[in-house]
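**Student:** Below is one structure. I have some questions about it.
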Amino acid sequence: MMQTPAPSDFETQTNATYDALMWALSRPGMARKLPVAGQASLIAALIDRECAIFSDDVHLMQIAAQAGAQIVAQNDADHLFLSATPDPSILSVLRQGTDIYPEDGATLVMPAVIGHGMALRLTGPGVDGAVSIKIDGIPDAFWTARRDVMRYPMGFDIFIIDQDQIIGIPRSTAIEVL
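Residue numbering for the sequence shown is 14 to 191, as defined by the working numbering.
Take a look at the structure:
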């Protein structure tokens with residue numbers, strides 16, 4: 014009789030993190046709970062030797078390097094793990110993919126406070142009509158710059174992380190500041 018190997022705690026955690034990330038992107042604006050707080054758990058779930066990443070956090074760069082990721086400049090990164098909201102001007106240099114390969118757009122991960130602050134209305138695929146959320150720590154200028162640089166199907170995805178809560182905003186989601 015064959016026995017199925019039991020997954021390690023690390024495998025279980027990274028699988029649950031990946032699941033939360035996919036649910037967050039498929040239901041924009043709905044916060045999901047991560048099994049472990051912080052961006053390091055996202056790196057463990059998403060990053061391998063085929064990924065190019067940028068981070069302004071030395072510790073996160075070390076974790077990504079241990080996973081085999083190539084450390085690159087912001088404009089060459091598949092994934093950006095930031096310790097604060099970036100200057101809105103960075104959005105124009107992020108990888109946006111192409112009309113044929115829109116999935117080559119970057120993924121931006123940044124912290125903010127979920128449930129307080131500026132009110133936003135999200136519409137698009139995965140949203141039943143519209144959903145309103147509150148995010149603190151991301152200025153209006155960021156959302157304006159995002160709107161100005163996006164040309165669907167090209168663009169970049171965003172994960173907003175607040176401790177063990179995460180919200181996904183795919184490139185297909187329109188955002189209105191209320």
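Where is the CB? At the ideal position from N, CA and C, for every residue including glycine.
Could you check if G181 is buried or exposed, using at least 16 other CB atoms within 10 Å of its CB as the buried criterion?
**Tutor:** For the purposes of this step, residue 181 is taken as the residue at position 168 of the sequence shown. Label assigned to G181: buried.
**Student:** By Cβ distance, which residues of its chain are closer than 8 Å to V85, with the 5 residues on each side in sequence left out?
**Tutor:** As a working mapping, residue 85 is identified with position 72 in the sequence shown. For V85, where only same-chain residues beyond five positions count, the Cβ hits under 8 Å are A65, I66, F67.
**Student:** List the endpoints of the continuous alpha helix (DSSP H) containing T27.
**Tutor:** Position 14 of the sequence shown holds residue 27. Segment 22-39, the alpha helix (DSSP H) holding T27.
**Student:** Is P152 helix, strand or coil by DSSP?
**Tutor:** Here residue 152 corresponds to residue number 139 of the sequence shown, with the count starting at 1. The answer is coil: DSSP assigns P152 none of H, G, I, E or B.
**Student:** From P183 to Q109, what distance separates their C-alpha atoms?
**Tutor:** Stepping through the sequence shown from its first residue, residue 183 is reached at position 170. Stepping through the sequence shown from its first residue, residue 109 is reached at position 96. Approximately 12 Å between the Cα atoms of the pair.
**Student:** What's the gap between the Cα of T98 and the Cα of G128?
**Tutor:** Numbered from 1 along the sequence shown, position 85 holds the residue referred to as residue 98. Numbered from 1 along the sequence shown, position 115 holds the residue referred to as residue 128. Each residue's Cα considered, the two are about 17 Å apart.
**Student:** Taking C-beta to C-beta, are D175 and L38 nearer than 8 Å?
**Tutor:** If you number the sequence shown from 1, residue 175 lands on position 162. If you number the sequence shown from 1, residue 38 lands on position 25. It is not a contact, given that the beta carbons lie outside the stated cut-off.
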